[in-house]
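In my numbering, the protein residues as written are 653 to 872.
A virtual CB, placed ideally from N, CA and C, is assigned to each residue, including glycine.
Note that the structure is a prediction, hence the values are computed from the model and not measured.
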Amino acid sequence: MSLSTLRGRLIEHLEPAATWTADRAPVHSDFDLNPGADRPERSLRPAAVLIPVIAGPGGATVLMTRRSDSLASHTGQIAFPGGRLDPGETVVDAALREAFEEVALDPALVEVLGVGDAYETGTGFLVTPVVGWLSATPATTPSLDEVAEVFEVPWDFLMDPANHRRDSYDREGQPRRWYWAMTHERRYIWGVTAGIVRALRTRLYGEDEAPGRATAEDAA
653 MSLSTLRGRL IEHLEPAATW TADRAPVHSD FDLNPGADRP ERSLRPAAVL
703 IPVIAGPGGA TVLMTRRSDS LASHTGQIAF PGGRLDPGET VVDAALREAF
753 EEVALDPALV EVLGVGDAYE TGTGFLVTPV VGWLSATPAT TPSLDEVAEV
803 FEVPWDFLMD PANHRRDSYD REGQPRRWYW AMTHERRYIW GVTAGIVRAL
853 RTRLYGEDEA PGRATAEDAA
């Protein structure tokens, strides 16, 4: 798929950012692969992530981060830049602000194409992915107290359902938990980040016929 065709597909299939409202309901969640798990009654805290799609000379890539090992939670995990909304912010405001704070991504370089489906996390956040388009790889500087590494993953890899699998882990006295995962160049992308990638793929291209294979080979 050419870069211009991809950009057109994103604009066509994403929700325009201007139509976003704070009262939207989750479309996907950490509970999708765990239908038997108890889903608590709660008010979800709004958050946003930026999915920066880079139009590179070799094809589209997506900018991602590895979280700092010094963080109190989710240490070392692969993520998109993002975080919770501040009072009065839209998801676009929050996504661009967090990307600037985490990796010094200049908001002026990002053309916002739209937003994807809201995703409910097991920790009680309602995460809205904001898809941005960049004409070239931007200069970035990770905030070392939050981000250990900034890197790019090919768009085609992320959107190929053959790379999506269902992994799991067991918790003592609790049901097995299943989640989406994928491994690219020894980087293990899993949990909410992989779930958001999977949801974006579904929105853009529809459900794939073969479900992701179940394996725990990389979950340890």
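(request) Could you check the C-alpha separation between T780 and A699 for me, to the nearest Å? (result) Mapped onto the sequence shown, residue 780 falls at position 128. Mapped onto the sequence shown, residue 699 falls at position 47. Approximately 6 Å between the Cα atoms of the pair.
(request) Ignore the nearest five residues each way along the sequence and tell me which others in G708's own chain have a CB closer than 8 Å to its CB. (result) Position 56 of the sequence shown holds residue 708. Scanning its chain for C-beta atoms nearer than 8 Å, with the 5 sequence neighbours on each side dropped, one finds around G708 the residues A788, T789 and E804, in chain order.
(request) Assuming F732 and V705 form a contact by the criterion Cβ under 8 Å, report the distance between their Cβ atoms to the nearest whole angstrom. (result) Taking the sequence shown and counting its residues from 1, the one referred to as residue 732 is at position 80. Taking the sequence shown and counting its residues from 1, the one referred to as residue 705 is at position 53. Actually they are not in contact, since the Cβ atoms of F732 and V705 sit about 11 Å apart, beyond 8 Å.
(request) Output the boundary residues of the alpha helix (DSSP H) element that contains F752. (result) The residue given as residue 752 occupies position 100 in the sequence shown. Here the alpha helix (DSSP H) through F752 covers V743 to V755.
(message) My parser needs the beta strand (DSSP E) runs of 3 or more residues fully inside the stretch 691 to 736; what are they?
(response) Annotation: the stretch 691 to 736 contains the following complete segments of the beta strand (DSSP E) (minimum length 3 residues), in chain order: 697 to 708, 711 to 719 and 734 to 736.
(request) Please classify E750: is it buried, with 16 or more other beta-carbons within 10 angstroms of its beta-carbon, or exposed? (result) Position 98 of the sequence shown, counted from the first residue, corresponds to residue 750. With 16 or more Cβ atoms within 10 Å of its Cβ, E750 is classed as buried.
(message) Buried or exposed, going by whether 16 or more other CB atoms sit within 10 Å of the CB of Y821?
(response) Taking the sequence shown and counting its residues from 1, one reaches residue 821 at position 169. It counts as exposed.
(request) Give every residue of the same chain whose Cβ lies closer than 6 Å to the Cβ of D682, excluding the five residues on either side of it in the sequence, and list them in chain order. (result) Translated into the one-based positions of the sequence shown, residue 682 becomes position 30. Same-chain partners within the cutoff: T773 and G774.
(request) Pick out whichever of V764, V743, V755 and G660 has its Cα sitting closest to the Cα of G771. (result) Mapped onto the sequence shown, residue 771 falls at position 119. Just to set this straight, residue 771 is Tyr in the shown sequence, not Gly. Looking at the Cα atoms, V743 is the closest of the given residues.
(message) I need the straight-line Cα distance from T835 to N815, nearest angstrom please.
(response) Within the sequence shown, numbered from 1, the residue matching residue 835 stands at position 183. Within the sequence shown, numbered from 1, the residue matching residue 815 stands at position 163. In this model, T835 and N815 are separated by some 8 Å (Cα to Cα).
(request) With DSSP as the reference, please indicate the residues paired to H680 in a beta bridge. (result) Stepping through the sequence shown from its first residue, residue 680 is reached at position 28. Its beta-bridge partners are Y771.
(message) Using C-beta distances below 7 Å, list every residue in its chain close to T713, excluding the 5 sequence neighbours before and after it, in chain order.
(response) Start at 1 with the first residue of the sequence shown, and residue 713 comes out as number 61. The answer, listed in chain order, is I706, E804, V805, P806 and W807.
(request) Following the continuous alpha helix (DSSP H) through T793, name the residue where it begins and the one where it ends. (result) On the sequence shown, residue 793 is found 141 positions in, with the first residue counted as 1. Taken as a continuous stretch (DSSP letters only), T793 belongs to no alpha helix (DSSP H), as it is neither H nor E.
(request) Using only alpha-carbon positions, find the residue among R661, G776 and I703 that is nearest to S695. (result) The count along the sequence shown starts at 1 and reaches residue 695 at position 43. For S695, the nearest C-alpha among the options comes from G776.
(request) Identify, in the order they occur along the chain, each residue of the same chain with its Cβ nearer than 6 Å to the Cβ of S795, setting aside the five sequence neighbours on each side. (result) By one-based count along the sequence shown, residue 795 stands at place 143. Closer than 6 Å at Cβ, skipping near neighbours: E754.
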